[in-house]
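My numbering runs 2 ahead of the 1-based position in the sequence shown. Since the structure comes first, as structure tokens, the remarks are kept for the end.
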Amino acid sequence: MAISLSEVGATVPGPVGSHIDTADMDSLYRLPLGLLPLKTMALRRHSLIKNAQLHAVVELFKDSGSGSGQIQPDHLPNHFNSQAPELMSDVAILKRLAAIGSYDVYTLRVALRELDIGFENYDALRLSPEKYRELTHFMKQYTRPIIRRLFARDGAALGSYGNLVEYLRNPDRATVLAEMEKLAADLETDVASIPRFLENYGDTFLGFSYFRSCLTESENRIRHFRPWVQEFLRSPVALSNPSLQSRATHAMQALYGIVESVKQRFDHFDQSSSHFWEDPTAESFQALRAQIVEQHNATGSVLCGLVVKLNLWEERFTSRGGSFQRRLEFLESEIFPGLNALAATEKRTANRYQN
């Protein structure tokens, strides 16, 4: 089922509600429970998150002094000292949500429909205005061929892709209408269907651009994380521990390997998008879209793991310092656990894409 730009908040970016932090909606790893039709009101104040070990847990509190208070969904009845039917129903929902690899708004739209848990607030699943504006940078390479074809110029005056789609519903220039007729012929459809086609195209690449922005952020953080780890490996704490040296080296190789593998896949999609506009057809668009959609869940899961670990490092070590003992504890508790599984997930995804 196609998801329109307006549904994901691309056309009309804005806050999702006063009780939800809009920044949470930009997250791969945080799902505010206030969005869900839960019956236990005390739960709706919290979030379901992916922690650094890549487990889904309910975060009961978070602050700079006490850290993050986390509990597995299965343990909530003990925490509330209750077996109430409403709570047990909510726990069952949370356990199903725990199996989702990423909590980005694009994954959630599809997953919540499939889970059929009574969720109806799809308008709330939108990125913050700040994140949407950031994504326009990544979207330009995908929208530029459309604008050039229809307008024979950069189309900067249109502002956003959503504005372009709305404009094409009632174009005021004969030359634009003529180009739309040519494009409709290529796609074996009618002119009235072009705006809907472009909504589907924009939706596909908006989600893809979101993932690309997450990858770029992770890559930048790894550049700072690497010398931090290398400095630790030269410390007395690490020099006397060959096993630790080996695991830390392997961890860095895994992080870089994941990033490079995802980048290669994204480069392939970039090339596919560029080639599509050389000879656009309905069949070639469906093939392109199917490639990206098929990779979405696995890519989101991998990026979620990367972002969670690197965000936590940035939060814990804001000055990129810290004692060597603290660094050791962080690597052992937050970086190493789950990293091999993350690398294996990416390897399987890459193999499917290459084959």
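Glycine residues also receive a C-beta, built at the ideal position from the N, C-alpha and C atoms.
Check, Outcome
"Which same chain residues end up closer than 6 Å to Y108 when comparing Cβ atoms and leaving out the 5 residues on each side of it in sequence?", "G209"
"Name the one or two DSSP bridge partners that Q72 has.", "E61"
"Going by beta carbon distance, what residues of the same chain come within less than 6 Å of M3, once the five residues before and after it are set aside?", "The predicted position of M3 is uncertain, since its pLDDT is 31 and thus under 50; a value taken from the coordinates is nonetheless stated next. Nothing meets the Cβ criterion."
"Out of R236, G259 and Q273, which has the shortest C-alpha to C-alpha gap to F326?", "R236"
"I'd like the span of the beta strand (DSSP E) that includes S49, first residue to last.", "S49 to K52"
"Look at the Cβ atom of L56, then the Cβ atom of G340, and state whether they are nearer than 8 Å.", "yes"
"Restricting to Cα atoms, I'd like to know which of F140, G120 and S321 is closest to D269.", "F140"
"Please list the segments of the alpha helix (DSSP H) lying wholly inside the region 112-160, counting only runs of 4 or more residues, in order along the chain.", "131-153"
"Count the other C-beta atoms from every protein chain shown that fall within 10 angstroms of the C-beta of G16, then say buried if there are 16 or more, exposed otherwise.", "Because G16 sits at a pLDDT of 36, beneath the cut-off of 50, its placement in the model cannot be relied upon, and the following sentence gives the value as read from the coordinates. It is exposed - the Cβ of G16 has fewer than 16 other Cβ atoms within 10 Å."
"Report the CB separation of H48 from L62 in whole angstroms; it is logged as a contact under 8 Å.", "6 Å"
"At which residues does the alpha helix (DSSP H) containing P229 begin and terminate?", "I196 to L235"
"Using the C-alpha atoms, what's the distance from L50 back to E336?", "18 Å"
"Can you tell me whether D175 is helix, strand or coil according to DSSP?", "According to the sequence shown, residue 175 is Arg rather than Asp. R175: coil per DSSP, three-state reduction."
"Is it the case that the region 174-184 contacts the region 247-257, given that we only count it when at least three CB pairs across the two stretches are under 8 Å?", "no"
"Roughly how many whole angstroms lie between the Cα atoms of R32 and N123?", "17 Å"
"Let me know if Q297 comes out buried or exposed under the rule of 16 or more other beta-carbons within 10 Å of its beta-carbon.", "buried"
"Looking at the secondary structure, which residues open and close the beta strand (DSSP E) in which P34 lies?", "R32 to P34"
"Whole-angstrom Cβ separation of R223 and L312, contact assumed at under 8 Å?", "4 Å"
"Please list the terminal residues of the continuous alpha helix (DSSP H) segment that includes I294.", "A284 to R318"
"Which term fits D174, buried or exposed, when burial requires 16 or more other beta carbons within 10 angstroms of its beta carbon?", "exposed"
"If you reduce the DSSP assignment to three classes, tell me which class T13 lands in.", "Its pLDDT being 32, under 50, T13 is placed unreliably by the model, and nothing is read from it."
"Compute the beta-carbon to beta-carbon distance between A300 and T218, rounded to the nearest angstrom, for a pair I have assumed lies under 8 Å.", "So it is not a contact: roughly 19 Å between Cβ atoms."
"Measure the alpha-carbon distance for A86 versus I95 and round it to whole angstroms.", "14 Å"
"Count the other CB atoms within 10 Å of the CB of K142; is the residue buried (16 or more) or exposed (fewer)?", "exposed"
"Would the beta-carbon of C306 fall within 8 Å of that of G103?", "yes"
"Suppose contacts are defined by Cβ-Cβ distances below 8 Å. Is L179 in contact with P197 by that definition?", "no"
"Using 10 angstroms around the beta-carbon of E280, count the other beta-carbons present and answer buried if the total reaches 16, otherwise exposed.", "exposed"
"Taking three-plus beta-carbon pairs below 8 Å as touching, is the region 186-195 in contact with the region 68-82?", "no"
"How should M27 be labelled, buried or exposed, when 16 other C-beta atoms within 10 angstroms of its C-beta is the threshold for buried?", "buried"
"Is it buried or exposed for T177, if we count other Cβ within 10 angstroms and need 16 for buried?", "exposed"
"Leaving out the 5 sequence neighbours to the left and right, which residues in its chain are closer than 6 Å to L127 when beta-carbon positions are compared?", "V107, L110 and R111"
"Determine the direct distance from the alpha carbon of E285 to that of E136, and round the result to whole angstroms.", "31 Å"
"If you follow the alpha helix (DSSP H) that N83 is in, where does it begin and where does it stop?", "From DSSP, N83 is part of no alpha helix (DSSP H); its letter is neither H nor E."
"Going along the chain, which residues of its own chain have a beta-carbon closer than 6 Å to the beta-carbon of V93, five neighbours each way excluded?", "P75 and L78"
"Can you tell me the Cα-Cα spacing of G19 and E132, whole angstroms?", "A caution first: G19 carries a pLDDT of 39, below 50, which makes its placement in the model too unreliable to give a value."
"Alpha helix (DSSP H) containing V242: first to last residue?", "Reading off the sequence, residue 242 comes out as Ser, not Val. Unbroken run through S242: none, as it is neither H nor E."
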